[in-house]
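Written out below as structure tokens is the structure these notes cover.
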Amino acid sequence: MAKQLSLVVNGRLVEVEEGTSVAAALLMADEPARISVAGERRAPFCGMGICMECRATVDGVPHQRTCQLVCRDQMKVVTA
Amino acid sequence: MRLVCDVLVVGAGPAGICAAVTAAEAGANVCLVDENPAVGGQIWRHSMTSGPEPKDPTFLQWNQRLERSTCRWMNGWQVVEPLGPGVIRLAMGDATADVAYQRLIAATGARERLLPFPGWTLPGVMGAGALGAFLRNGYRPRPGQRVLLAGSGPLLLACAAELAAIGTRPAGLFEQASRTRLATMLPELLRQPAKLAQAAAYSWKILPTWLRTHCWIAAAEGRDRVERVMITDGRRYWWSACDVLACGYGLVPNLELPRMLGCALAGAGVAVGPLQQCSVEGVFCAGELTGVGGVEKAMLEGQIAGLAAAGRPHDAARLVPELRRWKRFAGRLASAYALRPELKKLSAPETIVCRCEDVHHGELREQDNWRSAKLATRCGMGACQGRICGAAAEFLYGWKNESQRPPLSPVPVGALAVSFEASAEITSAGDATGCASGHSLPD
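So the protein sequences, as listed, match chains L and W. For the first sequence, the working numbering begins at 518 and goes up steadily by one. For the second sequence, the working numbering begins at 18 and goes up steadily by one.
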């Protein structure tokens with residue numbers, strides 16, 4: 518069984534298996550990522566780092582493409 | 018950081034790995050660059066760390082050759098822009114690296130064609146290949162969630178099988194091509210029994226769900242996320258409850274780098290000669306860039322380009338007849354999965370086409386071309402730089418995007434600030450110092 522990691526997504530504790538991408542964690546936690554220009558909530562979409570819909574603030578760094586980031590224990594993710 | 022190499026390979030998928038390995042084994046000093054943290058590209062993409070799933074034996078074999086070779090492997094580096102002939106700037110975070118090369122092999126692969134329909138921006142809607150990528154990166158739908166797959170192409174069935182493999186049976190699988198169209202592949206498939214066996218194995222895995230042909234998604238609806246989708250066969254329309262919709266319409270090549278290097282295009286890809294050489298001296302293209310055709314075509318083109326770039330044209334030419342077979346196979350596949358014109362009529366005036374800038378179909382259909390659309394509506398000018406809406410606009414309105422301006426990928430301003438100085442320096446000093454031939458760089 519893979520090691521479990523816990524991260525905090527918008528103040529909520531989320532548990533995932535080691536090796537999970539941050540975008541996958543957002544999808545499983547049902548937390549959309551960014552807010553669009555017109556105010557729509559958007560979630561991870563292309564899965565390969567090109568659509569930029571999955572951007573979020575990770576450990577204080579804004580505009581991170583969460584589909585290209587692996588979850589680390591105690592990571593803090595804030596979506597718009 | 019400044020580096021000098023004989024052959025620079027951009028993209029570490031099947032084509033790039035094969036190109037780098039063959040060029041390095043032929044004695045060239047090779048540098049292989051990819052923005053992803055691991056080699057393999059999209060098709061050989063496995064869990065970012067070592068996942069439990071078995072890895073492709075072909076990949077393992079080539080990866081072993083890569084590890085044993087002298088090739089310098091730069092993972093996590095993105096191409097920013099060419100600084101002049103034979104020099105390219107890379108960035109990783111705030112760090113930059115300028116690489117001087119004699120030959121460049123572009124093997125940047127393909128992305129999904131994602132087409133708009135009402136509701137496609139709702140959370141819970143994603144690409145079909147995207148679902149596959151998310152699954153490989155730890156995504157697991159909750160028990161009881163209804164996951165539907167739709168769109169077109171062989172990738173759909175492969176992703177449905179991946180979903181079944183983790184214990185979630187797809188609630189539906191809809192292919193827009195008709196059964197008669199798909200049947201035109203049969204003679205070619207019989208000549209490639211391995212492909213036929215693969216399709217059969219995928220179909221077996223998803224049973225009792227069955228691939229429904231001649232059906233596509235007309236709309237998605239829900240309050241905060243997708244809750245139901247409307248499916249049609251062109252005559253009838255019906256609703257289906259849905260928690261996750263994975264919808265993609267085949268692949269389109271990632272032409273940004275060759276376009277920026279000035280390579281001439283032909284049809285849906287880059288124009289190449291028999292040994293994968295482009296219209297720009299010293300530049301080669303391999304894999305999906307020259308026309309989407311799958312992993313076998315990509316691997317052969319990579320090897321041909323690698324050998325040719327390392328100065329072994331005769332060895333390269335020996336692989337050309339086999340490549341011809343796979344190109345024919347790719348041609349059959351493309352015509353069998355050709356997109357039906359009804360898909361151009363799905364968007365309502367208020368349907369968003371450009372997701373970055375929230376530009377609607379109603380605004381875009383008034384425009385004449387990609388350039389006027391950009392100027393008048395900001396379509397394609399957001400964070401993805403037209404990577405998603407570009408292919409959609411080409412399909413919906415017939416617009417071609419012919420220009421590509423640096424930077425190639427979003428980079429910190431720091432990487433650009435240095436870049437302006439460096440480009441001035443190199444273009445003014447380039448000829449005198451021989452930097453254009455790739456042997457040295459000015460300080």
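Each residue gets a CB set at the ideal place from its N, CA and C atoms; glycine is no exception. A quick note: this is a predicted structure, and the numbers were derived from the prediction, not measured.
Proximity to residue i [Cα-Cα], best of the options
i             : options                    : result
residue 242/W : 210/W, 137/W, 95/W         : 137/W
residue 198/W : 72/W, 316/W, 354/W, 23/W   : 354/W
residue 220/W : 229/W, 185/W, 423/W, 174/W : 174/W
residue 563/L : 31/W, 30/W, 62/W, 129/W    : 129/W
residue 544/L : 391/W, 294/W, 303/W, 263/W : 263/W
residue 123/W : 403/W, 340/W, 396/W, 300/W : 300/W
residue 415/W : 49/W, 115/W, 381/W, 336/W  : 381/W
residue 575/L : 597/L, 552/L, 520/L, 519/L : 597/L
residue 153/W : 586/L, 582/L, 538/L, 573/L : 538/L
residue 103/W : 142/W, 26/W, 72/W          : 26/W
residue 291/W : 254/W, 72/W, 331/W         : 331/W
residue 551/L : 586/L, 581/L, 542/L        : 581/L
residue 406/W : 568/L, 541/L, 558/L        : 568/L
residue 410/W : 319/W, 134/W, 302/W, 432/W : 134/W
residue 143/W : 155/W, 164/W, 322/W        : 164/W
residue 185/W : 337/W, 328/W, 158/W, 228/W : 158/W
residue 57/W  : 47/W, 45/W, 72/W, 46/W     : 72/W
residue 141/W : 131/W, 329/W, 239/W, 344/W : 239/W
residue 404/W : 203/W, 383/W, 131/W, 430/W : 131/W
First and last residue of the uninterrupted beta strand (DSSP E) at residue i
i             : result
residue 118/W : 112-123
residue 312/W : Here residue 312/W belongs to no beta strand (DSSP E); instead the alpha helix (DSSP H) covers 312-326.
residue 270/W : 268-270
residue 48/W  : 47-51
residue 165/W : 164-169
residue 285/W : Run containing residue 285/W: none; DSSP gives neither H nor E here.
residue 579/L : 578-582
residue 411/W : Careful: residue 411/W lies outside any beta strand (DSSP E), inside the alpha helix (DSSP H) at 406-414.
residue 127/W : 127-129
Neighbourhood of residue i by C-beta distance below 8 Å, restricted to the same chain and skipping five residues each side
i             : result
residue 425/W : 95, 96, 97, 98, 273, 274, 277
residue 377/W : 366, 367, 368, 369, 370
residue 78/W  : none
residue 345/W : 205
residue 570/L : 550, 551, 559, 560, 561, 562, 563
residue 566/L : 582, 584, 585
Cβ-based neighbour list, residue i, same chain, cut-off 7 Å, excluding 5 preceding and 5 following
i             : result
residue 305/W : 126, 127, 268, 270, 315
residue 398/W : 374, 391
residue 169/W : 192, 193, 194, 266, 267, 354, 356
residue 3/W   : Only positions 18 to 460 of chain W appear in the structure, and residue 3/W is not among them; the question remains open.
residue 548/L : 526, 527, 596
residue 176/W : 145, 146, 148, 149, 166, 263
residue 82/W  : 38
6 Å Cβ shell around residue i - same chain, five flanking residues per side excluded
i             : result
residue 522/L : 533, 535, 588, 590
residue 546/L : 526, 531
residue 423/W : 98
residue 49/W  : 26, 29, 37, 88, 90
residue 463/W : Any property of residue 463/W remains undetermined from this structure, which presents chain W solely from 18 to 460.
residue 109/W : 93, 94
residue 33/W  : 26, 124
residue 394/W : 376, 380
residue 520/W : Residue coverage of chain W in this structure runs from 18 to 460, which leaves residue 520/W outside it and unanswerable.
residue 455/W : The predicted model places residue 455/W with a pLDDT of 34, which falls under 50 and marks its position as unreliable, so this point remains unresolved.
residue 23/W  : 45, 46, 119
Identity of the residues DSSP links to residue i by a beta bridge
i             : result
residue 530/L : 525/L
residue 377/W : 369/W
residue 294/W : 301/W
residue 19/W  : 115/W
residue 234/W : 248/W
residue 187/W : Residue 187/W pairs with nothing; no bridge assigned.
residue 229/W : 191/W
residue 90/W  : 49/W
residue 538/L : 587/L
residue 568/L : Its beta-bridge partners do not exist; DSSP assigns none.
residue 427/W : Answer is none; residue 427/W lacks a bridge partner.
residue 98/W  : 106/W
residue 264/W : 167/W
residue 554/L : DSSP, once it has assigned bridges, lists no residue as partnering residue 554/L.
Residue i: CB within 7 Å of a non-hydrogen atom of the ligand GDP
i            : result
residue 42/W : Annotation note on the ligand GDP: not contained in the displayed structure, which lists no ligands.
Expected contact under 8 Å - CB spacing of residue i and residue j to nearest Å
i             : j             : result
residue 151/W : residue 561/L : 7 Å
residue 121/W : residue 114/W : Wrong, their Cβ atoms sit about 15 Å apart, outside the cutoff.
Extent of the continuous alpha helix (DSSP H) to which residue i belongs
i             : result
residue 198/W : 196-200
residue 146/W : 145-153
residue 79/W  : 74-85
residue 257/W : From DSSP, residue 257/W is part of no alpha helix (DSSP H) but of the beta strand (DSSP E) over 254-258.
residue 38/W  : 31-42
residue 391/W : 387-394
residue 337/W : 337-353
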